[in-house]
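Have a look at the structure below, then the notes.
Numbering (this note's numbering), first residue to last: 2 to 132.
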């Protein structure tokens, strides 16, 4: 495992998809979001430096408080934190909007236009360099 983490060289690994705003329950749907929201998986791989950053950053805590009462908050937090460099400049972070554009370029247009991209995980590879 140590060799694998060394190969990742500080990169933050998380799935990135557009956020489904149906997950915002009740009045959360109309509240101002602390930053653009992205959907990711329930888990992510990141460096110790990123982990230390996550537990100490007040913007991360604010986002966590916003997401707590939503549906599937754990599937939102990783890509949202790491994928918003204009809001949170974290170690290993990336620009989720740019990454999503790269992903869309690689998928056949008919899949993206019909929303059939769910379940295609692993069939689309986008490499994003760590900062």
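The beta-carbon is built from N, C-alpha and C at its ideal position, and this holds for glycine as well. Because the structure is a prediction, the values reported are computed rather than measured.
Helix, strand or coil: which one does DSSP assign to residue i?
| i | result |
| --- | --- |
| residue 103 | helix |
| residue 56 | helix |
| residue 76 | helix |
| residue 46 | strand |
| residue 82 | helix |
| residue 51 | helix |
| residue 64 | helix |
| residue 92 | coil |
| residue 87 | coil |
| residue 28 | helix |
Looking only at DSSP bridge pairs, what is residue i linked to?
| i | result |
| --- | --- |
| residue 1 | Residue 1 is absent from the structure shown; the chain starts at 2 and stops at 132. |
| residue 33 | Partner(s): none; residue 33 has no beta bridge. |
| residue 14 | 46 |
Let's see if you can read the secondary structure: which residues bound the alpha helix (DSSP H) around residue i?
| i | result |
| --- | --- |
| residue 5 | 3-9 |
Sufficient close CB pairs (3 or more, under 8 Å) joining the segment 57-68 to the segment 96-104: Judged by Cβ distances under 8 Å, the segment 57-68 makes no contact with the segment 96-104, as fewer than three pairs qualify.
The segment 77-87 in contact with the segment 9-17 per 3-pair CB rule at 8 Å: The segment 77-87 is in contact with the segment 9-17.
Please confirm if the segment 69-79 is in contact with the segment 39-47, defined as three or more CB-CB distances below 8 Å between the two stretches. Inter-segment contact for the segment 69-79 and the segment 39-47 is present: three or more beta-carbon pairs are separated by less than 8 Å.
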